[in-house]
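Visitor:
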Amino acid sequence: VAMIVFTLMGAWRGGQRQLMERQSEVRESMDAVIERMVVGRVPRVPGTAIFLTSSTNEAPPLLLHHLEHNKALHERVILLTVATGDEPRVPTAERLELHPLSEGFERLIVHYGFMQSPNVAVALRLCSRLGLNVEPDEATFYIGHEDVVPAAGVSWLARARTLLYAFLARNEAPATKFFGLPPERVVEIGTQVIV
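When we follow the numbering used here, the leftmost residue of the sequence shown carries the number 314, and every step to the right adds one.
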């Protein structure tokens, strides 16, 4: 039993590391993305788009993918990161961290303790205290979904580990339910990542 658990945990950790390394190859700074949008005169449509991202510094790959394929963006864009800390609970007064960027972009970091369940919709309603008025039932949430595929020419062991990670990733809890998002307001964009 211990060996099975060890194998699963190792496959998950290794797969996450490989996925992050692969995504870091295509990351850009937000300043560069905003500048490219201004120079390229990317059309803006009414509404609020919220991109869930793990990065607190760079442009999320999902935003770059969305721009590449749709050639347009909402007039207000919130880059939302849910950060889980080492303490059991984060008080509500210390939960939100807002960083206004330019051209209608804002970065919002929501802090939770490891004993708390994240609820993004509730956190967004608390943002009115910071001057950010967002109604979760009117915003569009963008979530990325990566399908991991083993690279050609890798060893059978690396291929098996990648396939095990892909199986585990397909069976994790849906982000919509985990983050407490209104399901009818979520757009999931899938990409295939070769590791």
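Glycine residues also receive a C-beta, built at the ideal position from the N, C-alpha and C atoms.
Please confirm if the segment 439-447 is in contact with the segment 467-481, defined as three or more CB-CB distances below 8 Å between the two stretches.
Guide: no
Visitor: Given a cut-off of 8 Å on the beta-carbon distance, is the pair G328 and A482 in contact?
Guide: yes
Visitor: Exposed or buried, H379, counting other C-beta atoms within 10 Å across all chains shown (16 or more means buried)?
Guide: Burial call: buried.
Visitor: Checking the sheet assignment: what are the DSSP bridge partners for F364?
Guide: Per DSSP, the beta bridge partners of F364 are L392 and Y455.
Visitor: From L377 to R330, what does the alpha carbon distance come to, in whole angstroms?
Guide: 21 Å
Visitor: Using the three-state DSSP reduction, which class does T369 fall into: helix, strand or coil?
Guide: If DSSP states are grouped into helix, strand and coil, T369 belongs with coil.
Visitor: Measure how close the beta-carbons of H387 and T453 come, nearest whole angstrom, since I'm counting them as under 8 Å.
Guide: 7 Å
Visitor: Using a Cβ-Cβ cutoff of less than 7 Å, which residues in the same chain neighbour P495 once the five nearest sequence positions on both sides are dropped?
Guide: A434, P449 and D450
Visitor: Would you report the Cα separation of H424 and V462, rounded to the nearest angstrom?
Guide: 32 Å
Visitor: Using three-state DSSP, classify E501 as helix, strand or coil.
Guide: If DSSP states are grouped into helix, strand and coil, E501 belongs with the strands.
Visitor: What did DSSP end up calling E416 once you bin it into helix, strand or coil?
Guide: Residue state, collapsed to three classes: coil.
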